[in-house]
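Going by full-length UniProt numbering, the first residue of the sequence shown is number 1, and it counts up by one from there.
Yeah, the Cβ is synthetic: ideal placement off N, Cα and C, and Gly gets one too.
As the structure is a prediction and not an experimental result, all values here were calculated from the model.
Reviewing the structure listed below.
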Amino acid sequence: MSRLKSLIKRASLDTRAVIEEEEPSKTSEEEVGKYVSLLVKIRLKEGQNLAIRDASGSSDPYVKFKYKDRIVYKSSTIFKNLNPIWDEEFQMLAEDMTAPISIEVFDYDRFCTDDFMGSATIDISQVKWFHPLEQVVELKDDASPQEELEGRG
1 MSRLKSLIKR ASLDTRAVIE EEEPSKTSEE EVGKYVSLLV KIRLKEGQNL AIRDASGSSD
61 PYVKFKYKDR IVYKSSTIFK NLNPIWDEEF QMLAEDMTAP ISIEVFDYDR FCTDDFMGSA
121 TIDISQVKWF HPLEQVVELK DDASPQEELE GRG
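Now the structure itself:
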């Protein structure tokens, strides 16, 4: 089973609430919460036992992170490696802590469409303030190349 490790930190708070001074008592916590964005740091560490997608018996994996159907980060491609080590970090603003971060892994192909290798999601609502959370995620939908060939025929 393929796995990816990523480290998530909730780093800082960016408040965008505009509270009128005349009637501050009428502003509920729910209304203020609508305008809060959190800066989330994510570190992509490594992949383990990724699927073979190239005829050479290897893969050239890279990872896309999506938040609310928008790509927020694309990793570098690690060529000819089923156990890549990325050790890459990025930051993103999250306005809705109930919206998960989607992870999609692809095999880079120079002359044709990149091959899908698997996907996973990260539930950022479980992250605690200023406490790093390390998660190992299992990729889903990572059919073996043999299964793909049988499915095409």
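By the criterion of a C-beta distance shorter than 6 angstroms, Phe-79 is surrounded in its chain by Asp-60, once the five residues flanking it on both sides are discounted. Non-local beta-carbon contacts of Asn-83 in its own chain, meaning distances under 8 angstroms to residues more than five positions away in sequence, involve Glu-46, Gly-47, Gln-48, Asn-49, Leu-50 in chain order. Here Arg-70 is exposed: its Cβ has fewer than 16 other Cβ atoms, across all protein chains shown, within 10 Å. A Cβ-Cβ separation of about 26 angstroms leaves Lys-128 out of contact with Glu-104 under the 8 angstroms criterion. A distance below 8 angstroms separates the beta carbons of Tyr-73 and Phe-90.
When DSSP states are grouped into helix, strand and coil, Ser-125 belongs to the helix group.
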